[in-house]
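Residue numbers (the UniProt record's numbering): 1 to 68.
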């Protein structure tokens, strides 16, 4: 069960790093007004993705606790 816990943490960390990379890469590629809108969209998508990952992580923890 500890392995599942660590896998969930690693997935969450990887998703957060990927989202941050996308935001920074888009910002440096083009600093026009249009790219700022894209940054906002990417940031919103990153927050939504992080929320879904957090919900999945919390559900996995609840499932692990039920099995014990």
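A virtual CB, placed ideally from N, CA and C, is assigned to each residue, including glycine.
Treat the numbers as computed from the prediction; the structure is a model and nothing was measured.
Quick check on the burial criterion: 16 or more other C-beta atoms within 10 angstroms. Buried or exposed for residue i?
i	result
residue 14	exposed
residue 55	exposed
residue 19	buried
Pull up the CB-CB distance for residue i and residue j, whole angstroms please, since I reckon it's below 8 angstroms.
i	j	result
residue 53	residue 11	7 angstroms
residue 23	residue 7	The pair is not a contact, with the Cβ atoms about 25 angstroms apart (cut-off 8 angstroms).
residue 16	residue 50	6 angstroms
Within this structure, are the beta carbons of residue i and residue j separated by less than 8 angstroms?
i	j	result
residue 27	residue 39	yes
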